[in-house]
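Reading through the structure tokens given below for one structure.
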Ligand SMILES: *Cc1c(COP(=O)(O)O)cnc(C)c1O
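In the numbering used here, the protein residues as written are 8 to 381.
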């Protein structure tokens, strides 16, 4: 049987490492566990596990709409926001369509593009920063594979993926920067903004969830992705969603599988949205852990990026996988960023105080093995 040639070239997703007995700071999960209200609701939902879930996702869409100040027809839940990404590809990408993706970012944008034979144009990220200028330049320059010679028609960009705060750097776009991109592209270029870590973004002026919703009313080509996997602590339940203008949601909904979000996930997500105490506690723990980890990294001589999320990206000063192994030997798994095009960088989820106590030993061991070059 002959596999499609683009699929043949695809490599399986590299997940954060799990080691029995080790603390996992490799996948940016909530170190406090699931929202307690969500756990209770999920336990109740298990009683009805023999019944198909609500295929129309009515209550979940209503709950998200209320929380995000939009209408339910602007909400599209998925089996994690990962699934929303592939639904976007399925609804919109024709073979050969050009999509723009940052050089160092989450792998699932490229996955969604390849799955539907779209062509990826990588946007460079000097100093690990994605800028509106770089995106718009790449969009205007055209597709190197398609255009030939001056005056040749430029193949328009079908979609642009922007992760803010970005996984794995933690750096965020400001509202103004996002608007600059939206204003600089044609109305038929889809702008996908991945807000998986938006709840953690503290700096004023970074795109806020509510602002993104307001933006949706202005830009019918914008879709914002959110997830219950991070601050709500429900990564295993697989619930995420897209927010966009009703027409965009209607179009994407055509490729949604009938029961894409399971009933335990639906119920848990609704409860988690109402668990504001848990969200606040998560933000506090993250802010304190961030300060402590940044101080620790500085003391050990590592350079790191000023994160707006629940993880820190640092230069390990040696091969990333070797560095991750050293830290793992001390009981904490972290993410080597080789597959993100950063062969010397690590991404470490911000943990609780007791987790950082243990991480500290691993980082000390790493610092000894990776002497500072001054
Ligand atoms: C974790 C993460 C997600 C969430 O994916 P789910 O499928 O909702 O679990 C989305 N985007 C980015 C950049 C992430 O890091």
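Heads up, the beta-carbon is just placed ideally off N, CA and C, and yes, glycines get one too. Because the structure is a prediction, the values reported are computed rather than measured.
query                                                                                                                  : result
Residue 40 Cβ short of 7 Å to ligand 1 heavy atom set                                                                  : no
Burial state of residue 176 (16 or more Cβ within 10 Å)                                                                : buried
Any 3 or more C-beta pairs closer than 8 Å across the region 260-276 and the region 93-105                             : yes
Status (buried if at least 16 other CB within 10 Å, exposed otherwise) for residue 103                                 : exposed
Residue 11 to residue 116 span [Cα, whole Å]                                                                           : 19 Å
Residue 11 - DSSP class collapsed to helix/strand/coil                                                                 : coil
beta-carbon residue 314 near ligand 1 non-hydrogen atom, thresh 7 Å                                                    : no
Rounded distance between the beta-carbons of residue 33 and residue 207, thought under 8 Å                             : 17 Å between Cβ atoms; not a contact.
Inter-residue Cα distance where the pair is residue 373 and residue 303                                                : 12 Å
Start-to-end residues for the beta strand (DSSP E) that takes in residue 5                                             : Nothing can be reported for residue 5, as the shown portion of the chain is limited to 8 through 381.
Residue 223 and residue 77 closer than 8 Å at C-beta                                                                   : yes
Contacting residues, own chain, Cβ-Cβ under 8 Å from residue 290 (five flanking each side not counted)                 : 206, 207, 238
Coil, strand or helix - residue 200 by DSSP                                                                            : strand
Collapsed DSSP secondary structure at residue 318 in the structure displayed                                           : strand
Reference residue 200, options 280, 137, 59, 122, closest by Cα                                                        : 137
8 Å Cβ shell around residue 30 - same chain, five flanking residues per side excluded                                  : 338, 339, 340, 358, 362, 365, 366
Whole-angstrom distance between residue 232 and residue 226, CA atom to CA atom                                        : 15 Å
Meets three-Cβ-pair contact criterion under 8 Å: the region 9-24 and the region 241-251                                : no
Beta-carbon gap between residue 428 and residue 186 smaller than 8 Å                                                   : Lying outside 8 to 381, the shown extent of the chain, residue 428 is not represented and no answer is given.
Outcome for residue 169 when other beta-carbon atoms lying within 10 angstroms are tallied against a minimum of 16     : buried
Sheet register partners of residue 31 (DSSP bridge)                                                                    : 340
Anticipated Cβ contact below 8 Å, residue 67 with residue 368, distance rounded                                        : 42 Å between Cβ atoms; not a contact.
Residue 234 CB to nearest heavy atom of ligand 1 below 7 Å                                                             : yes
Backbone CA spacing between residue 124 and residue 174 [nearest angstrom]                                             : 24 Å
Rounded C-alpha distance that separates residue 107 from residue 144                                                   : 11 Å
For residue 27 and residue 53, the rounded distance between their alpha carbons                                        : 27 Å
For residue 39, three-class secondary structure by DSSP                                                                : coil
CB contact below 8 Å: residue 64 versus chain C                                                                        : The structure shown has no chain C; it contains just one protein chain.
Other residues of its chain near residue 89: CB distance less than 6 Å, five sequence neighbours each side excluded    : 115
Spatial neighbours of residue 280 in its chain, beta-carbon cut-off 6 Å, leaving aside the 5 residues before and after : 70, 74
Host beta strand (DSSP E) of residue 113 (start-end)                                                                   : Note, residue 113: premise wrong, no beta strand (DSSP E); not H, not E.
Heavy atom of ligand 1 within 7 Å of residue 284 beta-carbon                                                           : no
Between the CA atoms of residue 48 and residue 282 - distance to the nearest angstrom                                  : 11 Å
Option nearest residue 301 by Cα separation, candidates 276, 331, 370                                                  : 370
Residue 181 in three-state terms, based on DSSP                                                                        : strand
Within 8 Å, strictly: CB atoms of residue 308 and residue 42                                                           : no
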